[in-house]
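Quick notes on the structure that follows.
There are 2 protein chains.
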Amino acid sequence: MDSVEETAGGYQPWSEVTPEAARRLLVAAVEAFAERGYHATTTRDIAGRAGMSPAALYIHYKTKEELLHRISRIGHDKALEILTTASDGPGSAAERLDAAVRSFVRWHAAHHTTARVVQYELDALAPEHRADIVALRRRSDAAVRRILADGVEAGEFDVPDVPGTTLAVLSLCIDVARWFSVAGQRTPDEVGALYADLVLRMVGARPAAPRE
Amino acid sequence: MDSVEETAGGYQPWSEVTPEAARRLLVAAVEAFAERGYHATTTRDIAGRAGMSPAALYIHYKTKEELLHRISRIGHDKALEILTTASDGPGSAAERLDAAVRSFVRWHAAHHTTARVVQYELDALAPEHRADIVALRRRSDAAVRRILADGVEAGEFDVPDVPGTTLAVLSLCIDVARWFSVAGQRTPDEVGALYADLVLRMVGARPAAPRE
DNA sequence: GACGACGCTAAGCGCTTGCTCACCCTCCGG
DNA sequence: CCGGAGGGTGAGCAAGCGCTTAGCGTCGTC
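These protein sequence lines are chains A and B, in that order. For what it's worth, numbering that gives the first Met the number 0 labels the leading residue of the first sequence as 0, then goes sequentially. For what it's worth, numbering that gives the first Met the number 0 labels the leading residue of the second sequence as 0, then goes sequentially.
Now the structure itself:
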C-alpha cells in the first residue's frame with residue numbers, strides 16, 4: 000500500500016493529531032476503514048498496519064469507536080471549512096457556487112479514502128458522537144443553501160426548490176467519494192471542474208460565471 | 000418495525016424467492032443489513048427477525064454472504080430493468096431521460112432500505128459474486144449513456160462530457176438511497192420529479208420535455 | 001546511578017461470531 | 001399404522017473479537 004505517500008506527500012497530513020504514534024494509528028485506521036468498512040476492520044489490523052502490537056492502540060484511544068469519531072470529526076471540520084470559505088467568499092453567487100462545488104469535490108476525490116470513512120460510516124458512531132457530527136453536517140447544508148438563496152434573490156439562479164436542490168448538490172458531491180478511483184482515469188481537478196459546470200446548470204445560472 | 004407492511008403492501012414482494020420461509024429470512028436480512036450494515040448484522044439477528052432459530056438460516060442459504068448476494072442480485076436486476084425500460088422506450092431523448100431518472104429515483108426512495116443494501120454493501124460480496132453484480136452495473140451505465148448520446152446526436156442535449164455526466168447522473172440517483180427518509184417529508188414521487196428536472200437541466204435539454 | 005514516567009508488548013480473558021450436528025416434530029403415501 | 005423425507009430446533013464448537021493487565025525497556029532528572 001502506498002498510502003503513506005498519499006497522506007504524507009499531499010496536504011492534510013493529519014498534523015492536528017499530535018503524538019506521532021497516535022497519528023500513525025489514525026492513518027492506519029483510515030486506510031482500513033475505507034478498505035473494508037468500520038465493522039469489518041479489527042483492532043489487530045489497525046495496529047498491524049501501524050507496525051504496533053494490538054494493545055498499543057489502547058494507549059492512545061479508549062476504544063475503536065473513538066478512533067472513528069476522531070477521524071469523522073477532523074474530516075467534517077475540513078469539509079465544513081471548505082464550504083464556508085466558498086460561501087463567505089467574494090464574488091457573485093455563481094462564482095461562489097462554482098468555488099464551493101469545485102473545491103468540495105476536489106477534496107472528496109483527492110482524499111477519497113478519508114472521505115469514504117467520513118461520509119459512509121456515520122452510523123457506526125455512538126449516539127452522542129453522532130450528534131455532534133450531525134450538527135456539523137447541518138452547517139454544511141446551511142452554507143450551500145445560503146449560496147443558492149443569494150443567487151435566487153439576485154436573479155442569477157432559477158431554483159424552484161432551494162432545500163431540495165441543496166440536498167441534491169451536496170449528495171452529488173459527497174457520492175464522489177464512493178466511486179472515485181475505482182473507475183480511475185480522472186484527476187480530482189477534472190472531476191471538480193465537471194461537477195461545478197453540472198451544478199451551475201442545475202441552478203440555471205444566467206450570467207456572471209466566467210466559464211464556457 | 001412496520002417493514003412487513005412496506006414490502007408486502009407495496010409492489011416487489013420478493014415473489015421470486017420461493018420457499019416462504021426463505022423469503023421471510025431474506026426480507027429480515029434486508030432490514031437488518033439496511034439498518035446496521037452487513038458486517039454488523041449477525042445471523043442470529045436475521046433469524047430472530049424472521050421468527051426462527053439461528054440454525055434455520057442454513058437450511059435455506061449456505062452462508063450469510065449468499066443471502067447478501069441474492070438480495071444484491073435481485074435488486075440490481077430490478078434497477079437495470081427500470082433503466083433499460085426507459086432507455087428503450089418511445090419518445091425523445093429528453094422524455095426518455097426524464098422517465099429514467101424519475102422511475103430510478105422513485106425506486107431508490109420507495110425501497111430505500113433494499114436500495115441501501117444493494118448499492119452500499121457491494122464490497123462485502125465474495126469476489127466471484129461481486130463480478131456478476133458489476134457486470135449488471137455496467138449495463139445500467141450503458142443504458143443511461145445511450146440516452147445521453149442519443150440526445151447529443153439529435154441536438155437536444157448539450158453535454159461536453161458524456162461518460163462523466165452519465166456517472167454523475169447515476170451517482171446522484173443512487174445516493175438517494177443514503178439520505179431518503181432520514182430527512183423525511185418528501186414522497187418518492189416528489190423526489191423523482193425534482194431530480195428529473197435537475198438532470199434535464201444538467202444536460203441542457205432544449206425543447207421536447209413537456210414539463211415545467 | 002537509582003528512579004519513576006512513559007510507550008509499548010506478550011499473553012490472555014470473557015464474549016460473540018458464523019456455522020454444524022444430533023435430534024425432533026409434522027406431514028403424507030402405502 | 002408405519003416409515004421416510006424435509007423443515008425446524010437446542011446445544012455447542014472453533015475461531016476471532018474488543019479490550020485488559022502485568023511486566024519490560026528506555027528515557028530524562030536529580
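C-beta: ideal position from N, C-alpha, C; glycine also.
Any chain B beta carbon closer than 9 Å to residue i
| i | result |
| --- | --- |
| A/A130 | no |
| A/A21 | no |
| A/W106 | no |
| A/A125 | no |
| A/R43 | no |
| A/I70 | no |
| A/G203 | yes |
| A/L147 | no |
| A/I173 | yes |
Inter-residue spacing [alpha-carbon to alpha-carbon] between residue i and residue j
| i | j | result |
| --- | --- | --- |
| B/H38 | B/A123 | 8 Å |
| B/A130 | B/L121 | 10 Å |
| A/A46 | A/L79 | 30 Å |
| B/A108 | B/T186 | 8 Å |
| B/A142 | B/R205 | 21 Å |
| A/G90 | B/G191 | 33 Å |
| B/D44 | A/L25 | 31 Å |
| A/A176 | B/F179 | 19 Å |
| B/T113 | A/R23 | 37 Å |
| B/R144 | B/V158 | 11 Å |
| B/V198 | A/S139 | 23 Å |
| B/C172 | B/A21 | 30 Å |
| A/S52 | A/V117 | 26 Å |
Counted within 10 angstroms of its Cβ, other Cβ atoms place residue i as buried (16 or more) or exposed
| i | result |
| --- | --- |
| A/P18 | exposed |
| A/Q184 | exposed |
| A/Q152 | First, the residue type needs correcting, since residue 152 of chain A is Glu and not Gln in the sequence shown. Exposed. |
| B/K63 | buried |
| B/S14 | exposed |
| A/V133 | exposed |
| A/A125 | exposed |
| B/R137 | exposed |
| B/E94 | buried |
| A/Y57 | exposed |
| B/S86 | buried |
| B/T41 | exposed |
| B/G88 | exposed |
| B/G50 | exposed |
| B/D188 | exposed |
DSSP three-state assignment for residue i, whether helix, strand or coil
| i | result |
| --- | --- |
| A/L124 | coil |
| A/F179 | coil |
| A/R205 | coil |
| A/F32 | helix |
| B/P18 | coil |
| B/A39 | coil |
| B/Q118 | helix |
| B/G154 | coil |
| B/G101 | One detail in the question is off: residue 101 of chain B reads as Arg in this sequence, not Gly. Helix, per DSSP. |
Chain A contact for residue i (CB, 9 Å cutoff)
| i | result |
| --- | --- |
| B/H38 | yes |
| B/T164 | yes |
| B/Y119 | yes |
| B/S170 | yes |
| B/L193 | yes |
| B/P187 | no |
| B/R138 | no |
Ordered list of alpha helix (DSSP H) runs contained in the region 48-95 of chain B, each at least 4 residues: 56-59, 63-87
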